[in-house]
Amino acid sequence: MSFGDPNNPYGQQPQQPPQGGPYGQQQGQPGYGYPQGQQAPQGVPPQQGYGYPQQPGQAPGQPQYGAYPQAPGTLQANNGMINVPVLGTVEVASMGRRLGARLIDGAAIGIILGILMAVGLAGAVGIAKDCDPNSVDYTSCMNDASAGFISVMFTWIAVIGAFTLLYEWLMVSLVGATLGKMALGLRVVKENTGQNPGLGAGFIRYIIPIVGAFLCYIGAILVYLSPFFDNSGKLQGWHDRAAGTLVIKKP
2 MSFGDPNNPY GQQPQQPPQG GPYGQQQGQP GYGYPQGQQA PQGVPPQQGY GYPQQPGQAP
62 GQPQYGAYPQ APGTLQANNG MINVPVLGTV EVASMGRRLG ARLIDGAAIG IILGILMAVG
122 LAGAVGIAKD CDPNSVDYTS CMNDASAGFI SVMFTWIAVI GAFTLLYEWL MVSLVGATLG
182 KMALGLRVVK ENTGQNPGLG AGFIRYIIPI VGAFLCYIGA ILVYLSPFFD NSGKLQGWHD
242 RAAGTLVIKK P
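The sequence shown: position 44 = 45 (this note's numbering), numbered continuously.
Rendered as structure tokens:
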């Protein structure tokens, strides 16, 4: 006769809690989750219970590493890498590369506009050379030549504005890069989508330095240097912040 637990007057053994699933099967067994004696339908894997799939070396109940990717626009440990939707982890463009791209664009635009200006000035000078100093119409001829020269200058200024507008605005908006940025492997993207900026954001990004240029061009210089003032690490200038864009190294 076994006395057992002195606090148990009936001498019965304490019942053990049931093991396994709701029908007594152990987790991972073929019939887990089904009434005892029944098997899971063919082709249906046994139920694994709740929680995250456990990986080798992973503590039970912990989520799988990498299950929660960093949010878009998140810098990684200040190493110049940033998460951008669609593109994944990319490198923020350095100011050296951006300056180099700007110089290439300036040289390309300068060559094209220089050719156009030379053609216009040649036409104005040709009119002046045709004026005969001994002719009674000499004064009138020179006035026409001066008016032609002034017309060429204003036309040249208008061409500069239109060409730079179409070049910078349309190429960044639709392609994501100018010729200079293409040459140095840079691209302008929307920070929240990873896509090309589009006409609206591209125009905002273009017009802010132009407005600053009316202040003896000092404002434009400050806009182009403003990425140095960005303490977020993304090197976004004032024009990039206004447009919601980001300059990255092309992946």
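Glycine included, every Cβ here is placed at the ideal spot set by N, Cα and C. Just so you know, these numbers come straight off a predicted model, no measurement behind them.
Inset, instruction - Compute the distance between the beta-carbons of Asn-193 and Gly-245, then report whether it is under 8 Å. - result: Working through the sequence shown from its first residue, we reach residue 193 at position 192. Working through the sequence shown from its first residue, we reach residue 245 at position 244. It is a contact, given that the beta carbons lie within the stated cut-off.
Inset, instruction - Return the chain-ordered list of same chain residues with a C-beta closer than 7 Å to the C-beta of Gly-186, the five sequence neighbours on each side being excluded. - result: Residue mapping note: residue 186 aligns to position 185 of the sequence shown, counting from 1. Excluding residues within five positions, the ones whose Cβ falls inside 7 Å are Lys-250, Lys-251.
Inset, instruction - State buried or exposed for Ala-159, treating a residue as buried only when at least 16 other CB atoms are found within 10 Å of its CB. - result: Working through the sequence shown from its first residue, we reach residue 159 at position 158. Exposed, because fewer than 16 other Cβ atoms sit within 10 Å of the Cβ of Ala-159.
Inset, instruction - Helix, strand or coil for Gly-199, going by three-state DSSP, please let me know. - result: For the purposes of this step, residue 199 is taken as residue 198 along the sequence shown, with counting starting at 1. Helix, per DSSP.
Inset, instruction - Give the DSSP-derived three-state secondary structure of Gly-115 in the structure shown. - result: Reading the sequence shown from its first residue, position 114 is the one you call residue 115. The answer is helix: DSSP assigns Gly-115 an H, G or I state.
Legend entry - Tyr-51 (DSSP reduced to helix, strand or coil): Position 50 of the sequence shown holds residue 51. Because the pLDDT of Tyr-51 is 48, which lies under 50, any placement of that residue in the model is unreliable, and the question is left without a value.
Legend entry - Proximal residues to Phe-214 (C-beta, below 6 Å), its chain only, five neighbours per side dropped: What you label residue 214 is simply residue 213 of the sequence shown in a count that begins at 1. Residue 214 is actually Ala in this sequence, not Phe. Cβ neighbours of Ala-214 beyond the five flanking positions: Ala-221.
Legend entry - Those runs of the beta strand (DSSP E) which lie wholly inside the stretch 145 to 192 and span at least 3 residues: 187 to 191
Inset, instruction - Determine the burial state of Tyr-179: buried for a count of at least 16 other Cβ atoms within 10 Å of its Cβ, exposed for fewer. - result: Sequence index remark: in the sequence shown, residue 179 carries index 178 (1-based). Residue 179 is actually Thr in this sequence, not Tyr. Buried.
Legend entry - Reference Asp-106, options Leu-247, Ile-209, Lys-182, Phe-230, closest by Cα: Counting from one through the sequence shown, the residue named residue 106 turns up at place 105. Checking every option, the nearest Cα to that of Asp-106 belongs to Lys-182.
Inset, instruction - Determine the extent of the alpha helix (DSSP H) in which Val-87 is found, giving its start and end residues. - result: Position 86 of the sequence shown, counting from 1, holds the residue named residue 87. Val-87 -> no alpha helix (DSSP H), and no H or E assigned at all.
Legend entry - For Val-248, the residue or residues it bridges with in DSSP: As a position in the sequence shown, residue 248 is number 247, starting the count at 1. Beta-bridge pairing links Val-248 to Val-189.
Legend entry - Helix, strand or coil at Val-137 according to DSSP, with G and I counted as helix: Taking the first residue of the sequence shown as 1, we reach residue 137 at position 136. Coil.
Inset, instruction - Name the two residues that bound the continuous alpha helix (DSSP H) containing Ala-221. - result: Here residue 221 is taken as the residue at index 220 of the sequence shown, counted from 1. Element bounds for Ala-221: 219 to 226.
Inset, instruction - Whole angstroms is fine: what's the gap from Val-248's alpha carbon to Phe-164's? - result: Translated into the one-based positions of the sequence shown, residue 248 becomes position 247. Translated into the one-based positions of the sequence shown, residue 164 becomes position 163. Spanning the two alpha carbons is a distance of roughly 22 Å.
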